[in-house]
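Take a look at the structure below.
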Amino acid sequence: MARVALIKLFTGLNLAPAQLSGELLRAGHKSKIIYFKNYEDHLVGEAGNYEVAEFSGRLYSIDGRELIWNCYKPFSDTEFELLINELRDFAPDVIGFSLYSGIIKESAQVTRKLREHFDVPIIWGGAGPTLEPELCIPHADIVCINEGEEVIVDLANRIDAGLPWDDIEGTWVKAADGTIIKHKVRPNIPLNAIAIPDWKRGNYVHINADQVKRGRFPQNLGREYPIMTQRGCPFSCSFCIESRYQEMFGKKDSLRRRSVDVVLEELRWAKQFLDIETILFYDDVFTVNPQWLREFLPRYKEEIGLPFWCYTYPTTHNVELLKSLKAAGCISITMGVQSGSERILRDYYNRPTKMTRVIEAGREIVEAGITGFFDLITSNEFDREEDLRATFEFLLEFPKELKCVAFGEMISFPTYSFSVMSEQNQIAKKDPNRIAVAVADQQPSQEVYDYYHRLYRLTRTKLPVDTIREIGRDIRYRRDPKLIDPFLNPEKIPRFTGLSA
Ligand code: B12
Ligand code: SF4
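Note that my numbering numbers the sequence shown so that position 276 is 299, with each residue one more than the last.
The following block contains the structure:
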């Protein structure tokens with residue numbers, strides 16, 4: 024039996040550590056999951072007092088606050104001491120880090136600290152190492168590329184048996200002499216074979232604010248049970264990891280769904296052993312594959328019967344399908360809209376959707392009686408004011424019943440095709456012959472965005488649409504956007520499941 028400690032910096036992406044721990048336990052190993060530190064959102068004016076993770080951004084909360092997310096208080100000596108003590112008690116044979124692209128620097132800092140106290144192999148995995156293994160391997164001994172279920176068990180088995188672990192498929196390894204061995208990528212795993220994730224409270228430790236808490240999940244995790252029934256996405260938006268994974272690992276067969284039986288088996292387990300109240304289906308687009316849903320939904324209602332939330336996409340549902348979701352317990356659904364400008368959707372987001380269809384898709388959610396939410400990316404460097412106007416015009420038509428928690432700016436993650444476009448644009452802008460090249464440099468000023476964000480929020484108020492349209496045409500509000508504020512009744516931020524945080 025090998026002892027594997029899994030460290031997750033900043034609570035929030037919890038599925039991977041739970042999944043990997045589940046795999047290890049099933050294979051007869053021992054594991055411990057440690058959440059180290061919390062992320063915090065802070066007002067733009069106050070964020071300077073905190074550390075901020077890379078690829079963070081502005082969040083325009085629907086209640087009018089402008090926030091920077093992914094802020095954190097620096098790691099303190101006490102917190103490091105608590106982490107080291109926890110690990111000493113556990114005595115790991117290997118330490119794993121699960122990380123996305125924004126926390127390579129922080130993961131390196133914690134890894135360095137742990138190396139002073141533990142002489143065991145350190146493996147990094149997650150979106151960050153998968154996309155940029157070359158940035159990660161200098162810090163880790165071994166980097167997992169793509170899915171980690173088989174890799175972590177293979178590594179634990181070898182360590183347990185005293186065998187070398189430098190030839191595991193799906194990894195990059197740093198040899199003793201510093202050379203880097205790049206193994207070939209593993210094929211996508213059969214999803215029906217994955218273990219039930221480890222959500223047993225006893226295996227969790229949470230270190231934050233100079234304190235250690237055991238056996239207690241942060242936020243609503245536990246009460247709101249997170250699960251994915253599939254991996255992959257049929258779409259390829261330029262700003263999303265799915266399109267990058269399709270380029271790296273092949274699009275064909277990338278969209279895989281677990282069988283109805285195994286999903287229900289996990290949910291039955293969760294219902295029996297955890298204190299859960301709602302289910303959050305984090306599938307990228309839950310509403311793909313109506314055939315699967317036709318089999319799943321009646322059985323879900325019968326065997327699980329808990330209220331749930333999921334994601335949809337404007338072209339993957341119709342009223343009939345939504346009504347069957349509702350009948351099975353769907354209380355709320357989030358639809359990605361991302362922009363009200365067909366130009367932006369088509370030319371920059373690789374999401375060529377007609378706004379007429381998006382509006383119809385919104386109406387269908389209302390008709391089905393499901394609480395609807397939508398996501399919107401409200402600024403990117405290719406915007407022109409006409410795109411912001413188009414988003415406003417769209418929102419005037421889009422049913423008011425659909426809510427938005429916050430508007431976000433585009434976050435350009437490394438290697439994504441949006442980022443490649445962005446880099447090319449930056450180069451083109453510096454080109455002395457820029458007249459000759461296509462350059463996007465008409466991005467509106469922050470003041471103009473502030474004005475449109477107010478108009479967008481206005482479309483979600485009870486004010487009649489004609490009045491909102493008039494305000495949007497009246498130049499006085501354009502000149503002084505604060506005049507719009509009295510019309511914006513600050514609303515409580517809605518939550519998907521109705522549970523309090
Ligand atoms: C669900 C989800 C969320 C949920 C998580 C819910 C929950 N309770 O866990 C919510 C909405 C809360 C969320 C939050 C965030 N998310 Co998110 N999220 C996802 C999503 C859709 C699925 C991730 C997931 O859990 N998959 C299931 C698990 C089992 O698989 P996995 O994470 O891919 O991990 C596998 C491998 O990477 C590997 N692996 C992972 N860790 C490790 C560790 C070791 C040691 C090994 C060996 C292997 C390994 O093995 C795993 C199993 O095969 C992805 C997009 C996607 N389709 O992947 C985005 C994604 C991961 N999120 C992303 C981001 C940016 C965030 C936020 C930072 C957003 C923000 N606030 O700024 C936060 C992060 C918060 C934090 N503290 O870390 C980005 C990361 C981008 C990047 N390039 O790194 C993604 C890729 C979306 C995107 N924009 O492209 N997210
Ligand atoms: S539909 Fe959603 S998950 Fe799929 S590629 Fe687009 S943004 Fe990513």
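By construction, the Cβ of each residue, glycine as well, lies at the ideal position given by its N, Cα and C atoms.
- Task: Enumerate, from N- to C-terminal direction, the unbroken alpha helix (DSSP H) stretches of 4 or more residues contained entirely within the segment 183-265.
- Result: none
If we ignore side chains and look at the alpha-carbon of each, how far apart do aspartate 183 and cysteine 159 end up?
25 Å
Taking isoleucine 367 and phenylalanine 421 to be in contact with their CB atoms under 8 Å, please state how far apart those CB atoms are, rounded to whole angstroms.
With 8 Å as the limit, isoleucine 367 and phenylalanine 421 do not qualify as a contact, their Cβ atoms being about 16 Å apart.
| query | Can you name the start and end residues of the beta strand (DSSP E) that methionine 358 belongs to? | reply | 353-361 is the extent of the beta strand (DSSP E) around methionine 358.
task = Buried or exposed for isoleucine 203, please, with buried defined as at least 16 other CB atoms from any protein chain shown within 10 angstroms of its CB.
result = exposed
At the level of alpha carbons, what is the spacing between alanine 524 and aspartate 454?
Low per-residue confidence applies at alanine 524: pLDDT is 45, beneath 50, and the placement is therefore not dependable enough to give any value.
Legend entry - Minimum length 3: unbroken beta strand (DSSP E) runs contained in the segment 266-352: 301-304, 331-335
Open item on the list: With distance defined between alpha-carbon atoms, name the residue in Trp188, Asn215, Ile382 nearest to glutamate 289.
Closed with: Asn215
So, for lysine 346: in the same chain, excluding its five sequence neighbours on each side, which residues have a beta-carbon less than 6 Å away from its beta-carbon?
Ala391, listed in sequence order.
- Query: Can you check whether the CB of tyrosine 479 is closer than 9 Å to the CB of proline 504?
  - Reply: Not in contact: proline 504 and tyrosine 479 (Cβ atoms no closer than 9 Å).
Item to check | DSSP three-state assignment for threonine 401, whether helix, strand or coil | outcome: Threonine 401 sits in a strand when the DSSP states are folded into three classes.
Does any heavy atom of the ligand SF4 sit closer than 8 Å to the C-beta of cysteine 256? yes
Need the endpoints of the alpha helix (DSSP H) that lysine 55 sits in, please. Lysine 55 -> not in any alpha helix (DSSP H); beta strand (DSSP E) instead, spanning 53-59.
key: threonine 484 versus asparagine 512 - alpha carbon distance   = 7 Å
Minimum length 3: unbroken beta strand (DSSP E) runs contained in the segment 399-444 = 429-432
- For lysine 349, collect the residues of the same chain with a Cβ closer than 8 Å to its Cβ; drop the 5 residues on either side in sequence, then sort them by chain order. Ala391, Gly392, Ile393
What three-state label does DSSP hand arginine 26 in the structure shown? strand
Practice prompt. For asparagine 93, I'd like the list of residues in its chain whose CB is within less than 7 Å of its CB, leaving aside the five on either flank, ordered along the chain.
Written response: Tyr62, Val75, Ala76, Ser79, Gly125
Handout entry: Separation of threonine 301 from valine 308, as counted between CA atoms
Key = 18 Å
Simplified DSSP state of serine 364, which is helix, strand or coil = coil
Could you say if the segment 193-203 and the segment 216-234 meet the contact criterion of at least three C-beta pairs nearer than 8 Å?
no
### Query
Which class does valine 389 belong to by DSSP, given the choice of helix, strand or coil?
DSSP, read as helix, strand or coil, puts valine 389 in helix.
Output needed for asparagine 448: all residues of its chain with C-beta closer than 6 Å, excluding positions within five of it in sequence on either side, in chain order. Ala463
key: Sufficient close CB pairs (3 or more, under 8 Å) joining the segment 329-341 to the segment 350-358   = yes
Length-filtered (3 minimum) beta strand (DSSP E) runs lying within the segment 118-143 = none
- alanine 131 vs arginine 26 beta-carbon contact at 9 Å: Result no, Cβ atoms of alanine 131 and arginine 26 do not sit closer than 9 Å.
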